[in-house]
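Q: There's a structure below that I have some questions on.
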Amino acid sequence: MISADQTPGSRPEPAAGEMFWTELPVVVDEDAPVAWQIYVRALDTRAAEDAVCQQEDAVCQQEDAVRQQEVRQQEDAVRQQEDAVRQQEDATLTLDLDLDLDLDLDLDLDLDLDLDLDLDLDLDLDLDLDLDLDLDWTWTWTWTWTWTWTQNLHKRLSNTMK
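Residue numbers for the sequence shown follow our numbering, beginning at 12 and rising by one.
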């Protein structure tokens, strides 16, 4: 309790484990000077405001904790979905088949077959085609000349044999 004979400059320091003097219940002495009464009431008001601020801070901390928990849960759900997609992609079947088959079969077969086939085929085809086409005019001319020379030789041989 604060008495009227204490002045603002004579605040006692709390001992270890004790409450600070502003945390003590405030009782205003009606016989004290008005300025002192106002000062003591201001201290009481400030203590009440500090308590409200502490409560508001506690509420904000709880709200932040709830928000962080929600964010963590959403992130975990997204990670689980991504993991499921990765597992599904890893389960995709890749099949490379090279088959050379020579069969000569005489088969007499009596077969009664009920077949239910559900096939989901995911085909990824990468085709890398490198075509290098080089047309050489000289080669074409040489071929034409050779053809012409061969034809002329054939004519000469034909004329010679007649």
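Where a beta carbon is used, it is the ideal one built from N, C-alpha and C, also for glycine. As the structure is a computational prediction, the values presented were derived from the model and not from experiment.
Cα separation between arginine 90 and aspartate 101?
A: 16 Å
Q: By Cβ distance, which residues of its chain are closer than 6 Å to glutamate 74, with the 5 residues on each side in sequence left out?
A: none
Q: Out of Cys71, Asp133 and Glu67, state which residue places its alpha-carbon closest to the alpha-carbon of glutamine 175.
A: As shown, the chain starts at 12 and ends at 173. That puts residue 175 outside it, with no answer to give.
Q: Looking only at its own chain, which residues have a Cβ that is under 7 Å from the Cβ of aspartate 135, when we skip the five neighbours before and after it?
A: If the five residues before and after aspartate 135 are omitted, its C-beta is found closer than 7 Å to no C-beta atom of its own chain.
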